[in-house]
Structures are given as C-alpha cells and as structure tokens.
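K.L.:
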Ligand code: KIV
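Numbering (the working numbering), first residue to last: 1 to 271.
Given below as structure tokens:
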C-alpha cells in the first residue's frame, strides 16, 4: 500500500470543517506564480488573488482601476503555483455591479481562464441575487463586508466600518444575506473586534478577518505588508514579520557597489 504524503487539497468544505473544529484559517494574498508557490509550500490555507494587486503591484492609489483581464492574468499565474491552497480570484470593480449575467460571465472567466476555485466580491444584501446566481452555476463565492475598498470614492476614506450601532447591524444583516445566498465564507475588513465576534458567532460560514480582531474564524493579510515589502503606508492591523523591503535595498546597494568596484563577477562566477 502506498501512503500519500501530499497534504490534502483545501476546498470550501475544508474551511467549513475548520470553523466547526475551531481550527483557525490562514489566508494571504498572492499575485504571481513565485509567491504563490512559496506561500502554498508554507501551508497557507487560502490564497486570494486580491484586487489589491492594483495598489501593491501596479502602483495605483486605489483598487478601482484594475481590470478583469489583469485579474485573470494574475489568477492564472497564482493557480499554477498552488497544489494545496484554495485559490480565490477577486472580482474587480464593475465586473459584477452592472448585472447578474455580466457577473456570471466575469466570475466564470476567473474559473475557466484563471483557474481560480472560487471568487470574492465586495458588498452585502444588494449583491445576494448575484451570489445566488454564481453559486447556482457552480461558482463558490466569498463575501467581503466592512471596509470595501472599491467604494473608496463613495465613502471618501478608509475609516473603520460598523463602529456605530446602525452600521454594525447592517453588517450583521449583510452577513446573514450573503450566507443565505450561498456564500461559503465572508471577509470582514476593518471592523471592531466585538462586531466581528458577533458576526462570527451568528454565521454558519467561516469569517476571515483583516483588521477585525482575534475572534474571526481566520485571518488574512496582504503578503507584501506581512513581509515589509509594501511600505507606502502601514495600517494598524498589519504585523510586519520581516523587513524585506529594507533587505532588498541593502542587497541591491551591495551589488551596485561590487559592480562599480569590479568585485563582481569573481573568477568562480565567470567562464
Ligand atoms: O484585495 C485584497 O487584498 C483584499 C484583502 C485585503 C481581503 O480584498
């Protein structure tokens, strides 16, 4: 008998099981094959090809400009680097807001061309019919509530959401609506920890927090934040486990010095 040493593939059912067994879910963003394979190898449960690619990789001010074609391109690279993690492709701004059929076509592209295994979209009850349609077509959907960066121009800031009772109740109601529509998980971004705890306790599906305190079923961060590579700003909820931005600068300065001094390449680096 041969025993497989490959870790089991993470699916939406795995995440549900993890919630039931109180095993915290780990999630990170990835935008390319190299990072995806490193993160997958390290055992992250979920890799989100976030529309944050716009700010982190493309150098944009917001996530609004990233296109559907670009999301498909990045998702395909990530999916090819993954054997275990669940790959979730983010639906960019205006790829699902125009109409349900349009949303289905675009979500389908993330699966068919990008090889994602699920999609994520921002918004609550107003998108329940969309979620329902995608799920009915066999496309797993992750919701995203609280701070929804695609709406930056409507809100005017990246402030915490759900801090007052009315907004908190709306987030609770939205979570219920997404769950009833068939979403398999819900990201909660930048909401008070106590509210995230209430949503997590009320929801049958896993919650994955970013700036939502310790009580959610899982946590997600932008990988380049965690590694200290994206340093344009640092939200309070980011923990930098490394300072790779500084280390890269140091390595490149050393290389430039060596080239200028004639110390690189050496004899054993030449033919
Ligand atoms: O695009 C993204 O990276 C996200 C996460 C921050 C949840 O939506």
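Here a beta-carbon is modelled for each residue, glycine too, at the ideal position from N, C-alpha and C.
Are the segment 29-47 and the segment 80-90 touching by the rule of at least three beta carbon pairs closer than 8 Å?
P.N.:
Yes, the segment 29-47 touches the segment 80-90.
K.L.:
Can you tell me which residues form a DSSP beta bridge with residue 118?
P.N.:
What you label residue 118 is simply residue 118 of the chain shown in a count that begins at 1. Per DSSP, 88.
K.L.:
Can you tell me the Cβ-Cβ gap for residue 209 and residue 131, rounded? I've got them flagged as a contact below 8 Å.
P.N.:
What you label residue 209 is simply residue 209 of the chain shown in a count that begins at 1. What you label residue 131 is simply residue 131 of the chain shown in a count that begins at 1. The Cβ separation is near 20 Å, so there is no contact.
K.L.:
Can you name the start and end residues of the beta strand (DSSP E) that residue 111 belongs to?
P.N.:
For the purposes of this step, residue 111 is taken as residue 111 along the chain shown, with counting starting at 1. First-last for residue 111: 100-112, but that is the alpha helix (DSSP H), not the beta strand (DSSP E).
K.L.:
Could you check if residue 113 belongs to the surroundings of ligand 1, using beta carbon to heavy atom distance under 7 Å?
P.N.:
Residue numbering aside, residue 113 sits at position 113 when the chain shown is read from its first letter. Relative to the non-hydrogen atoms of ligand 1, the Cβ of residue 113 never comes closer than 7 Å to any of them.
K.L.:
Any heavy atom of ligand 1 within a distance shorter than 7 Å of the CB on residue 205?
P.N.:
Along the chain shown, read from residue 1 onward, the residue named residue 205 stands at position 205. No - ligand 1 has no heavy atom lying nearer than 7 Å to the Cβ of residue 205.
K.L.:
Would you report the Cα separation of residue 13 and residue 23, rounded to the nearest angstrom?
P.N.:
The residue labelled residue 13 in the question sits at position 13 within the chain shown. The residue labelled residue 23 in the question sits at position 23 within the chain shown. Roughly 13 Å separates the two Cα atoms.
K.L.:
Any heavy atom of ligand 1 closer than 7 Å to the beta-carbon of residue 252?
P.N.:
To locate residue 252, count along the chain shown from 1; it is residue 252. Result no, Cβ not under 7 Å from ligand 1.
K.L.:
Tell me, to the nearest whole angstrom, how far the beta carbon of residue 144 is from that of residue 179; I am working on the premise that it is less than 8 Å.
P.N.:
Here residue 144 corresponds to residue number 144 of the chain shown, with the count starting at 1. Here residue 179 corresponds to residue number 179 of the chain shown, with the count starting at 1. Their Cβ separation, rounded to whole angstroms, is 13 Å, which puts residue 144 and residue 179 out of contact at 8 Å.
K.L.:
Considering just the uninterrupted stretch of the alpha helix (DSSP H) at residue 272, what are its terminal residues?
P.N.:
Since the displayed the chain opens at 1 and closes at 271, residue 272 lies outside it and no answer follows.
K.L.:
Check each candidate in 187, 205, 213 and name the one with the smallest Cα separation from residue 194.
P.N.:
The sequence position of residue 194 within the chain shown is 194, counting from 1. Residue 213 is the option with its Cα nearest to residue 194.
K.L.:
So who's on the other strand from residue 210, going by DSSP bridges?
P.N.:
As a position in the chain shown, residue 210 is number 210, starting the count at 1. Beta-bridge pairing links residue 210 to 189.
K.L.:
Residues in the same chain with beta-carbon distance under 6 Å from residue 101, minus the five sequence neighbours each way, listed in chain order, please.
P.N.:
Position 101 of the chain shown, counted from the first residue, corresponds to residue 101. Excluding its 5 nearest sequence neighbours in each direction, residue 101 has no C-beta neighbour in its own chain below 6 Å.
K.L.:
Closest by CA to residue 234, which one among 262, 56, 11, 18?
P.N.:
For the purposes of this step, residue 234 is taken as residue 234 along the chain shown, with counting starting at 1. Ranking the options by Cα distance to residue 234, first place goes to 56.
K.L.:
By a C-beta neighbour count over all protein chains shown, 10 Å radius and 16 as the cutoff for buried, is residue 207 buried or exposed?
P.N.:
Translated into positions along the chain shown, residue 207 becomes position 207. With 16 or more Cβ atoms within 10 Å of its Cβ, residue 207 is classed as buried.
K.L.:
Considering only the alpha carbon of each residue, which of 110, 187, 215 lies closest to residue 147?
P.N.:
To locate residue 147, count along the chain shown from 1; it is residue 147. Closest option to residue 147, Cα to Cα, is 187.
K.L.:
For the beta strand (DSSP E) holding residue 221, just list the boundary residues, first then last.
P.N.:
Position 221 of the chain shown holds residue 221. First-last of the beta strand (DSSP E) with residue 221: 218-221.
K.L.:
Assuming contact is defined by CB atoms lying nearer than 8 Å, are residue 171 and residue 162 in contact in what I supplied?
P.N.:
Start at 1 with the first residue of the chain shown, and residue 171 comes out as number 171. Start at 1 with the first residue of the chain shown, and residue 162 comes out as number 162. Yes. Within cutoff.
K.L.:
May I ask whether a heavy atom of ligand 1 can be found less than 7 Å away from the beta carbon of residue 145?
P.N.:
Taking the first residue of the chain shown as 1, we reach residue 145 at position 145. Because no heavy atom of ligand 1 lies under 7 Å away, the Cβ of residue 145 does not count as near it: no.
K.L.:
Quick one: grab the DSSP three-state call for residue 146.
P.N.:
If you number the chain shown from 1, residue 146 lands on position 146. It is a strand residue.
K.L.:
Counting only the same chain and skipping the five closest in sequence on each side, list residues whose C-beta sits under 8 Å from that of residue 71.
P.N.:
For the purposes of this step, residue 71 is taken as the residue at position 71 of the chain shown. Within the same chain, residue 71 has close Cβ partners 49, 51, 53, 89, 90, 91, 92, 95, 110, 114.
K.L.:
Could you give the distance in angstroms between the alpha-carbon of residue 119 and the alpha-carbon of residue 112?
P.N.:
Here the question's residue 119 lines up with position 119 in the chain shown. Here the question's residue 112 lines up with position 112 in the chain shown. For residue 119 and residue 112, the distance between alpha carbons rounds to 12 Å.
K.L.:
Can you tell me whether residue 219 is buried or exposed? The criterion is at least 16 other CB atoms within 10 Å of its CB, across all chains shown.
P.N.:
On the chain shown, residue 219 is found 219 positions in, with the first residue counted as 1. By the 10 Å Cβ count, residue 219 comes out buried.
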